[in-house]
Amino acid sequence: MESHRNATEVQMSQLVLPCHTNYRGELSIGQLLKWIDTAACLSAERHAGCPCVTASVDDIYFEHTISVGQVVNIKAKVNRAFNSSMEVGVQVSYEDLCNGEQWNVCKAYATFVAQGKSNAKIRLKPLVPQTEEEKTEYSIAAERRRMRLAHTDTIKGLVTNSPVQPEHENRDCNTVVPAEKTRVESVELILPPHANHQGNTFGGQIMAWMENVATIAASRLCHAHPTLKTIEMFHFRGPSQVGDRLLFKAIVNNAFKNSMEVGVCVEAYRHEMEVSRRHINSAFMTFVVLDAEGQPRTLPVLKPESGDGERRFKEASARKKIRLDRKYVTSCKQTEVPLSVPWDQSNKVYLSYNNVTALKTLVAKANWVLAFETDKVRMYTLEEDKFLSIRIEMTVCIDTMQAFLLLSDLQRRHEWDQHYVNAELVQQVDKDDMIYRVISQTISDENKPQDFVILVSRRKPCSKGDPYVVAFRSVTLPTHPADPEYTRGETLCSGFCLWKEKDELTKVSYYYQATPAVLTYITAYIAGLSSSFHSTFLACEQFLLKNKDDDSVRLQNLSLCSLSPDSLSPDNLSPDTDTI
Ligand code: COA
Ligand code: ADP
C-alpha cells in the first residue's frame, strides 16, 4: 500500500548541466534559488488554487556544493496556511548517479501570498496536517511566522544593542582592500520569461540576480571564486512587473578571517526619467573562499568607507554573532541540545523559539502510550531515543485564557506543586518570556535542596484549534551562578498545552521530558511517580478552580503587557492573528 502523500507536495529533479554551473564547476546558488522558488510556488498554488507570489524566504545554510553531472532533488510542501499567506517547506538534496548516494544540501522555508483577480485579500482554506511530521511542521510554522514578521525589528534591535567585539584574529594575509573596490552596480530589464502569466516577476529570478552581483562583489575582495555559505532572509517588500528596470547594488560590508558578508539592495523603476525608485529587496550573504583542499582561505582585511560603510561594517559583525548563536540554538538536534543553554539577550528570540519548538515537537508525537487512567486524569508515556517523556491530562471547568495566565506564573506554582518552595522572577524578558530562579523541595544526592534557572515562554493560539502553550527549559545566567547551598538542577523540556474545549472548559496537558540522569529513577519508580503526578495534578485542578474568577490575574497581566511596546494594542489578550 502506498504511504500517505501530502496533496500539496511537489517534487522536482534537475540534472546539473554546465550551463547551470559557476567557474568552480559547481551548481550556481542563483540557479538553485530559481528551482527552489518554482517548486515552492507550485506547491503553494496547488493549495491556494490561484496565483501566488513570494513574500519571503527564511535564512538558508548550504551544507554542500553540487557538481555538474549530479542530480538535484527538490521536495516542497505547504506546512501551514494562515490568512492569505502560506509557509512552504523545501528540502533540497543531491544524488550522485554513479553510486546512488544522496546528501542533504539545504532546507528552506518560503512564504507565499495568494493573489486573487481583484485586489481583495484572499482567505485561504486551512491545511489539515495528517502525519506526525506534518503536525510538527504545522505547529512550529506558527513560531517561524512569529519570528519572520518580527525579523526586521529583531535584527535592528540586536544590531543596535549588541556590543561589537573587536576580532582578535591573526591574519597571515595583511592585505587591506578598500570597500569601494568591491562595489557592484548592475541593471536588469524584466522581460516576459522572468515573470509569471500575470506579469509579476518570479522571486527566484530576483534572488538569482542578487546572488550574481553579490558573487562579483565577493570576488573583487579576494580575487578568486568564492563559495556562498549562507543567505539571510529575503523579504520582497513590493512587486515588480514586466517592463520594470531593476537596479542591483552590492558591496562587501565586512571581511572576517575566513568569511565575508556581502550586502545587496534591489530597487525598481519604470522609466529612465523616474526619480523615485521602489525598494524591492535587501539581503546579506556570507561567502568563503576555499583552497584546493576545500579549506577556507584567510581573507584580506576590509577598510570600510566612512559613514554608511562604517555603520554596515559594525552591523555585519553583529549579524555574524547573531548568526552563529542562532545556528547553535536552532540547528541542534533535540538529542544533542545541552540541558541548559546560556542565556544571552542578543539571542533571546531564538532561545524562546527553541523552548516553544521543543515542547510543540513533543506535543505532536504520535506514539504516546496510555500508562494510567482514573475518572479524571490520564497519564501517557513516550519512549524515544534516550528520552522518556510523560504527558498527564485532564479537563477543567475554567476559561482557557485564565488557566494560561495562572499556569504561566511560576510564582504561584508553590500553591499547587509541593515540589516548589518558591520562584523568584529574575528577568521579565518581554511580555511572553520570563526567567525565574526556582527553589525545589527535592533533596539531591548531595543532601542539599535543588535550585533551577528556568526560561518560561508562553504563546497564545495562532489560529482556531491551536492550543495555548507554556514552555519551560533550563538556561544558565551569569548573574545566577550555582550556589554552594543548593544543587543546581536542570530541566530539558516541559510545559503546558491548553486546549479550549468549550467556553469555561479547558483540556490541560502537562508534558515533561526526563533527562537521561533521572531516567533510571523514573523507569524504576513509574508506579510511585504516577501517583505523585496524579496528586500534584489534582492539586493543580483545585488551584485553577479556586482562581477561575479572579479578575486580578488578567489585570496584573495587562499591566505587564503595557510595559512592552509591542503589546499596547487593545487585543493583547486575544489570539495572535485574526483567524479565530
Ligand atoms: N514574510 C512573510 N510573510 C509576510 C511578510 C514577510 N516579511 N510580510 C507580510 N507577510 C504576510 C502577512 O503576514 C500576511 O499574511 P496573512 O494574510 O496570512 O496574515 C500577508 O503577507 C499579507 O500581508 P499584508 O499586511 O496584508 O500586506 P503587505 O502590505 O505586508 O504585503 C506582500 C505583503 C508580500 C503581498 C507585499 O509585500 C508584496 O506584494 N511583495 C512582493 C511580492 C512579489 O511580487 N514577489 C515576487 C518577487 S518581486
Ligand atoms: P543597510 O544600509 O541598512 O545595510 P540597505 O537596504 O540600504 O540596508 O542596503 C542593503 C545592503 O546593500 C547594504 O548593506 C550594502 O551592502 C548594499 N548596498 C546598499 N546601497 C549600496 C550602494 N549604493 N552601493 C553598493 N552596495 C550597496
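Numbers 953 to 1532, taken from our numbering, label the letters of the sequence shown in order. Quick reminder that beta carbons are idealized off the backbone N, C-alpha and C, glycines included.
Asked	Found
Unbroken beta strand (DSSP E) run spanning Gln983, endpoints	Gln983 -> not in any beta strand (DSSP E); alpha helix (DSSP H) instead, spanning 981-1000.
In DSSP terms, what Leu1550 is bridged to	Since the first residue shown for the chain is 953 and the last is 1532, residue 1550 is missing from the structure and cannot be characterised.
The ligand ADP heavy atom lying under 7 Å from the CB of Ser1211	no
The ligand ADP heavy atom lying under 7 Å from the CB of Cys1058	no
Where Gln1380 falls: helix, strand or coil (DSSP)	strand
Span of the beta strand (DSSP E) around Asn1206	1197-1207
Residues near Thr1352 in its chain [Cβ-Cβ closer than 7 Å; skip 5 each side]	Tyr1420, Leu1450, Lys1452, Thr1458
Ranges of the alpha helix (DSSP H) found wholly within the region 1100-1185, counting only runs of at least 4	1103-1113, 1155-1174
Proximal residues to Glu1095 (C-beta, below 8 Å), its chain only, five neighbours per side dropped	Tyr1305, Val1308, Thr1309, Lys1312, Arg1411
Nearest-angstrom Cα separation, counted from Val1023 out to Val1381	46 Å
Neighbourhood of Ser1526 by C-beta distance below 6 Å, restricted to the same chain and skipping five residues each side	Bear in mind that a pLDDT of 41 at Ser1526, under 50, signals an unreliable position, so the number given afterwards is only what the model happens to contain. Cβ within range, chain order: n/a, list empty.
Three-state secondary structure assigned by DSSP to Tyr1420	strand
Distance, Lys1383 Cα to Ser1516 Cα	With a pLDDT of only 43 at Ser1516, under the threshold of 50, the placement of this residue in the model should not be trusted; the figure read from the coordinates follows. Roughly 6 Å separates the two Cα atoms.
Ser965, buried or exposed, once every other Cβ within 10 Å from all chains shown has been counted against 16	exposed
Endpoints, alpha helix (DSSP H) assigned at Ser1304	1300-1315
Thr1260 beta carbon near the ligand ADP (any heavy atom closer than 7 Å)	The amino acid occupying residue 1260 in the given sequence is Asp; Thr does not appear at that position. Yes - the ligand ADP has a heavy atom lying nearer than 7 Å to the Cβ of Asp1260.
Assigned exposure category for Gln963 - 16 Cβ within 10 Å defines buried	exposed
Chain-ordered residues, beta carbon under 6 Å from a heavy atom of the ligand ADP	Arg1135, Lys1201, Ala1202, Ile1203, Asn1205, Gly1215, Val1216, Cys1217, Ser1234, Asp1260, Arg1264
Cβ neighbours of Ala1131 in the same chain (closer than 7 Å, five flanking residues each side left out)	Ile1203, Val1204, Leu1254, Lys1255, Pro1256, Glu1257, Gly1261
Beta-bridge partners of Ile1342, as assigned by DSSP	Thr1333, Tyr1464
Alpha helix (DSSP H) segment containing Met1353, residue limits	1352-1359
N-terminal and C-terminal residue of the beta strand (DSSP E) that Ala1220 is part of	1212-1221
C-beta atoms of Glu1213 and Phe1236 nearer than 8 Å	yes
Integer-rounded CB distance, given that Tyr1090 should sit under 8 Å from Arg1032	5 Å
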